[in-house]
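Q: Taken in order, the sequence shown gives residues 1 to 443; the numbers are from UniProt numbering.
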Amino acid sequence: MKLFPTGHATHPQWRMAAALVLAQLRAQMALPEYATAPTLGLLYITDHYGNDAQALLDHLSAELPEVTDWSGTVGVGVSANNAEYFDEPALSVMLLDVPADQYRVFSGVAPLPTHAPRPGSGFVAHTALVHADGHTPELAGLLAEMAARTESGYLFGGLSASRTASVQFAVGGDGNMAGQGGASGVFDGGLSGVAFDAGVALVSRVTQGCQPVGALHTITAAQDNVVLTLDGEPALDVLLDTLQVSLDGGDPQPALRKVRATLAGLVSAGEQPQGQRRTGHFGTDTRVRHIVGLDGSRRGVALADQVEAGMHLAFCQRNVAAARADLMRICAEIREELSPEELEPAPLESSSEARGGPAPAPGTPGAGVLPQTGRRICGAIYVSCSGRGGPHFGGPSAELQIVRHALGDVPLAGFFAGGEIAHHHLYGYTGVLTVFVDSGLQA
Numbered sequence: 001m002k003l004f005p006t007g008h009a010t011h012p013q014w015r016m017a018a019a020l021v022l023a024q025l026r027a028q029m030a031l032p033e034y035a036t037a038p039t040l041g042l043l044y045i046t047d048h049y050g051n052d053a054q055a056l057l058d059h060l061s062a063e064l065p066e067v068t069d070w071s072g073t074v075g076v077g078v079s080a081n082n083a084e085y086f087d088e089p090a091l092s093v094m095l096l097d098v099p100a101d102q103y104r105v106f107s108g109v110a111p112l113p114t115h116a117p118r119p120g121s122g123f124v125a126h127t128a129l130v131h132a133d134g135h136t137p138e139l140a141g142l143l144a145e146m147a148a149r150t151e152s153g154y155l156f157g158g159l160s161a162s163r164t165a166s167v168q169f170a171v172g173g174d175g176n177m178a179g180q181g182g183a184s185g186v187f188d189g190g191l192s193g194v195a196f197d198a199g200v201a202l203v204s205r206v207t208q209g210c211q212p213v214g215a216l217h218t219i220t221a222a223q224d225n226v227v228l229t230l231d232g233e234p235a236l237d238v239l240l241d242t243l244q245v246s247l248d249g250g251d252p253q254p255a256l257r258k259v260r261a262t263l264a265g266l267v268s269a270g271e272q273p274q275g276q277r278r279t280g281h282f283g284t285d286t287r288v289r290h291i292v293g294l295d296g297s298r299r300g301v302a303l304a305d306q307v308e309a310g311m312h313l314a315f316c317q318r319n320v321a322a323a324r325a326d327l328m329r330i331c332a333e334i335r336e337e338l339s340p341e342e343l344e345p346a347p348l349e350s351s352s353e354a355r356g357g358p359a360p361a362p363g364t365p366g367a368g369v370l371p372q373t374g375r376r377i378c379g380a381i382y383v384s385c386s387g388r389g390g391p392h393f394g395g396p397s398a399e400l401q402i403v404r405h406a407l408g409d410v411p412l413a414g415f416f417a418g419g420e421i422a423h424h425h426l427y428g429y430t431g432v433l434t435v436f437v438d439s440g441l442q443a
């Protein structure tokens, strides 16, 4: 694979932003190190363009006729290499240099097969990029079902996030997918995305944005979404003891403010928690959920998810330093997996970019190339929580600057989501970073 052309821009008028993006894409496609005729495009827009999604897709499709397949969605922000656009009209586009027989665009009207065909008899999904509507009923079950339709069981992606139209893009092959009929390629509700076969080499990691503030507990009694007891003790009492607050007395507001700033990290029953006991940080097995209520009569804690006895729970809070360190960790892990024992990233503060010096120019020989092996990251997709972004990391585009420092000047596109998808789980306050490489590693 060659480098994936990318373009990103902001403008109050979507046509002007699209023109800027098209100019960037065409300039890169004229360079020898970039793909010259990619057929698969990813389109991410902020919700300012939500009501113009169809016109925008039609315009890009007409201007890039060689790109016959499109996927993407809307977010409250979009991202590119070293830049993020939050709460402003913007779009980010990446054209993937993946052979047409190694991917399939899918949607609710043209889903992936329930049973994969026999090897050698047709396309077999190995992994899948998934965009989903968070209001879809039984979403967790649908994600598990989608994962079962892939060989690896690995999904990556996120939920649409919009204050206007919540849209997804799904176009396959000359404007229509088999079974799609006359559908326009712009959808709302359900799931859509791109499945890749085993020939598409990628590496994906999840970074957490919260840190535990207390011990890891086992849920010993629960009903629906209410945790009743933790380690045999009333869950509300455990929460208040962890936060060292009380609801007794004349003014409960200080205690309630601390509760509102607290979340719950859940690990499914039967899964051994991987991260907290060893490092003091959450592992990828932990899914962070909001505390949505307190049950004073039963001394329970209500969460924004179904819970059951046997699950593990740790109360947690958003933590800037932990989120920053964990993002740097997963980037280092990706580079180490691609080039083991050949690279030790420098501390962020010592980089020329962190000191205000120049960053490598796009297309610079060696940018994004791993030393000695010559293997290269051809493109990256980053889906981050809408509660993260630069302001959470200390400044505009700070989150994407960390990624760029760690991975180099690689093509990147993504969006800020209402929830993040990795493996077959739905996460919150996380980032999911997936890189495509030009040789043999799998997720």
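Note that CB positions come from ideal geometry on N, CA and C, so glycine has one too.
#1: In whole angstroms, what separates the C-alpha of Gly366 from that of Ala201?
#2: Please report the straight-line C-alpha distance between His126 and Ser339, rounded to a whole angstrom.
#3: Using the rule of at least 16 other Cβ atoms within 10 Å of the residue's Cβ for burial, across every protein chain shown, is His8 buried or exposed?
#4: Going by the CB atoms, is the gap between Val76 and Thr46 shorter than 8 Å?
#5: Identify which residue in Arg404, Arg163, Leu191, Asp326 has its Cα closest to the Cα of residue 446.
#6: Helix, strand or coil for Arg299, going by three-state DSSP, please let me know.
#7: What is the DSSP secondary structure of Ala35, reduced to helix, strand or coil?
#8: Tell me which residues share the same chain as Met1 and place their Cβ nearer than 6 Å to its Cβ, disregarding the 5 neighbours each side in the sequence.
#9: Pull up the distance between the alpha-carbon of Gly250 and that of Arg299, whole angstroms please.
#10: Sort out for me which residues DSSP pairs Asp69 with in a bridge.
#11: Look up Pro396 in the DSSP assignment and say whether it is helix, strand or coil.
#12: Spell out whether any CB of chain B is found under 8 Å from the CB atom of Phe106.
#13: For the 8 Å Cβ check, are there 3 or more pairs between the segment 405-424 and the segment 150-170?
#14: What do you reckon, are the CB atoms on His424 and Ala147 nearer than 8 Å?
#15: Using DSSP with H/G/I as helix, E/B as strand and the rest coil, what is residue 448?
#16: Using 8 Å as the threshold, is the segment 305-313 in touch with the segment 263-272, meaning 3 or more CB pairs across them?
#17: Is Pro234 helix, strand or coil by DSSP?
#18: What residue range is occupied by the uninterrupted beta strand (DSSP E) comprising Ser192?
#19: If you follow the alpha helix (DSSP H) that Gly141 is part of, which residue opens it and which one closes it?
#20: Whose C-beta lies closer than 8 Å to the C-beta of Asp87 among residues of the same chain, with five residues either side of it excluded?
#21: In or out: Asn81 buried (at least 16 other Cβ within 10 Å) or exposed?
#22: Need the endpoints of the alpha helix (DSSP H) that Arg376 sits in, please.
#23: Consult DSSP for Leu159 and reduce its assignment to one of helix, strand or coil.
#24: Ordered along the chain, which non-local residues of its own chain (more than five positions away) have a Cβ less than 8 Å from that of Phe282?
A: Reading it off the structure:
#1: Residue numbering aside, residue 366 sits at position 366 when the sequence shown is read from its first letter. Residue numbering aside, residue 201 sits at position 201 when the sequence shown is read from its first letter. Caution is warranted here: a pLDDT of 36 is assigned to Gly366, below 50, making its placement in the model unreliable, and the coordinate value is therefore given only provisionally. Cα to Cα, Gly366 sits roughly 20 Å from Ala201.
#2: The residue given as residue 126 occupies position 126 in the sequence shown. The residue given as residue 339 occupies position 339 in the sequence shown. Roughly 23 Å separates the two Cα atoms.
#3: Locating residue 8 in the sequence shown gives position 8, counting from the first residue. The residue is buried, with at least 16 neighbouring Cβ atoms inside 10 Å.
#4: Translated into positions along the sequence shown, residue 46 becomes position 46. Translated into positions along the sequence shown, residue 76 becomes position 76. Result yes, Cβ atoms of Thr46 and Val76 sit closer than 8 Å.
#5: Nothing can be reported for residue 446, as the shown portion of the chain is limited to 1 through 443.
#6: Your numbering for residue 299 matches position 299 in the sequence shown. Reduced to three states, the DSSP call for Arg299 is coil.
#7: Taking the first residue of the sequence shown as 1, we reach residue 35 at position 35. In this structure, DSSP gives Ala35 a state outside helix and strand, which the three-state scheme calls coil.
#8: Indexing the sequence shown from 1 puts residue 1 at position 1. Within the same chain, Met1 has close Cβ partners Asp97, Cys378, Asp438.
#9: In the sequence shown, residue 250 corresponds to position 250, counting from 1. In the sequence shown, residue 299 corresponds to position 299, counting from 1. Their backbone Cα atoms lie some 19 Å apart in a straight line.
#10: As a working mapping, residue 69 is identified with position 69 in the sequence shown. Checking the DSSP bridge columns, you'll see Asp69 partnered with Leu40.
#11: For the purposes of this step, residue 396 is identified with residue 396 of the sequence shown, where counting begins at 1. It is coil, neither helix nor strand.
#12: The structure shown contains no chain B, having only a single protein chain.
#13: Yes: at least three Cβ pairs fall under 8 Å.
#14: Residue mapping note: residue 424 aligns to position 424 of the sequence shown, counting from 1. Residue mapping note: residue 147 aligns to position 147 of the sequence shown, counting from 1. Yes. Within cutoff.
#15: For the chain, the structure presents residues 1 to 443; residue 448 sits outside this window and is missing.
#16: With the rule of 3 Cβ pairs closer than 8 Å, the segment 305-313 counts as touching the segment 263-272.
#17: Numbered from 1 along the sequence shown, position 234 holds the residue referred to as residue 234. Correct three-state label for Pro234: strand.
#18: Locating residue 192 in the sequence shown gives position 192, where the first residue counts as 1. Here the beta strand (DSSP E) through Ser192 covers 191-196.
#19: Residue 141 sits at position 141 when you count from the first residue of the sequence shown. Membership of Gly141 in the alpha helix (DSSP H) is indicated by the continuous run 139-148.
#20: Here residue 87 corresponds to residue number 87 of the sequence shown, with the count starting at 1. Hits under 8 Å: Thr46, Val76, Gly77.
#21: Sequence index remark: in the sequence shown, residue 81 carries index 81 (1-based). Asn81 is buried by the Cβ-count criterion.
#22: Translated into positions along the sequence shown, residue 376 becomes position 376. Arg376: not part of any alpha helix (DSSP H); DSSP gives it neither H nor E.
#23: Position 159 of the sequence shown, counted from the first residue, corresponds to residue 159. The answer is strand: DSSP assigns Leu159 an E or B state.
#24: Counting from 1 along the sequence shown, the entry for residue 282 is found at position 282. The beta carbon of Phe282 lies closer than 8 Å to those of Gln208, Cys210, Gln211, Pro212, Gly265, Gly275, Gln276, Val288, Ala314, Cys316 in the same chain, with the five residues before and after it left out.
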